[in-house]
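Undergrad: Numbering (full-length UniProt numbering), first residue to last: 1 to 190. From the three backbone atoms N, C-alpha and C, an ideal C-beta is built for every residue, glycine too. I'd like to ask you about the structure that follows.
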Amino acid sequence: MLLPLLLLGWIHKASLGNIFKRLFLLNTLIAIVVASMLWQKNYELALLVFLRSNFILLFIVMLFQGKDEFSIAIAMHRLRLPHKLTSIFFFTAKSIFLIKREFSLFKNTLHVRGFTPKTNLLTYKTMAGFVGILFIKALERSFWLQKAMQLRGFCGEVYTLEAHQGFSTYDRLLAFITILSLLWRQGALL
């Protein structure tokens with residue numbers, strides 16, 4: 001699996017710093033797992049888990065670099081993944097997008113009012129109130145979304161208006177190298 005990583009690294013060489021920052025943030029859980037293995041003096045397994053999980057994360061982060069959630073949902077639809085999975089991913093991405101927008105609006109509102117977060121009771125009450133309002137708005141939004149989808153006759157499939165794009169040379173090359181390295185790893189090419 002090193003060949004596809006090298007190809008993706010060469011393609012995204014301009015944003016490798018950003019990619020490794022994301023990888024560093026994603027490594028928190030892996031660090032806990034590896035630390036527990038090191039605690040049990042299982043050094044080889046800890047190294048194996050660390051390297052494999054980092055290679056997988058690096059491949060995924062490089063593969064989806066510069067893509068937003070909705071283009072990934074459209075790609076899932078075009079790859080003919082199950083409609084329910086595509087719909088769940090699309091609506092989850094939309095909900096996360098709306099929650100992020102609500103959070104930034106709340107932060108801007110607090111900033112305009114001169115609020116600076118500290119470790120005091122006022123900050124805790126403000127944040128707890130915000131989380132409560134966020135849950136209530138999300139629940140209300142999901143209720144109205146369900147009603148709107150029922151009225152529009154939603155049958156479990158999300159349709160897109162974008163024209164179908166074929167596979168590019170980059171897509172074909174990445175698929176070929178990935179399949180080739182998987183076959184090499186399985187020993188089918190020896």
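#1: So within the segment 47 to 135, which uninterrupted alpha helix (DSSP H) runs reach at least 4 residues, ignoring any that extend past its ends?
#2: How would you call phenylalanine 90, buried or exposed, if buried means at least 16 neighbouring beta carbons within 10 angstroms?
#3: Out of Met62, Ala31, Val112 and Leu110, which one is the CA nearest neighbour of residue 191?
#4: Let me know if alanine 128 comes out buried or exposed under the rule of 16 or more other beta-carbons within 10 Å of its beta-carbon.
#5: Mind the definition here: the segment 79 to 94 touches the segment 146 to 160 only if three or more C-beta pairs lie below 8 Å; say whether that holds.
#6: Is residue 196 helix, strand or coil by DSSP?
#7: Please report the Cβ distance between phenylalanine 154 and phenylalanine 130, rounded to the nearest whole angstrom; I am assuming they are in contact, meaning their Cβ atoms lie under 8 Å.
#8: Quick one: Cα of tyrosine 124 to Cα of glycine 17, how far?
#9: Measure from the alpha carbon of alanine 73 to the alpha carbon of each residue in Asn54, Val61, Leu63 and Ala93, then state which is nearest.
#10: State buried or exposed for serine 168, treating a residue as buried only when at least 16 other CB atoms are found within 10 Å of its CB.
#11: What do you reckon, are the CB atoms on glutamine 65 and isoleucine 96 nearer than 8 Å?
#12: State the Cα-Cα distance for the pair leucine 51 and asparagine 120, rounded to the nearest angstrom.
#13: From the DSSP output, in three-state form, read off valine 33 for me.
#14: Which value, in whole angstroms, describes the spacing of the CA atoms of phenylalanine 55 and asparagine 27?
#15: For arginine 141, which three-state DSSP category applies?
#16: Would you identify the three-state DSSP class for aspartate 185, choosing helix, strand or coil?
#17: When the Cα of phenylalanine 135 is compared with those of Leu98, Asp171 and Ala175, which residue comes out closest?
TA: With the given structure in hand:
#1: 69 to 78 and 83 to 112
#2: buried
#3: Here the chain has residues from 1 to 190 only, and residue 191 is not among them.
#4: Answer is exposed; the Cβ neighbour count stays below 16.
#5: yes
#6: Outside the modelled stretch of the chain, which goes from 1 to 190, sits residue 196, for which no answer is possible.
#7: Phenylalanine 154 to phenylalanine 130, Cβ: 31 Å. No contact.
#8: 35 Å
#9: Ala93
#10: exposed
#11: no
#12: 42 Å
#13: helix
#14: 11 Å
#15: helix
#16: Checking the sequence, you will find arginine at residue 185 rather than aspartate. In this structure, arginine 185 counts as helix in the three-state DSSP scheme.
#17: Leu98
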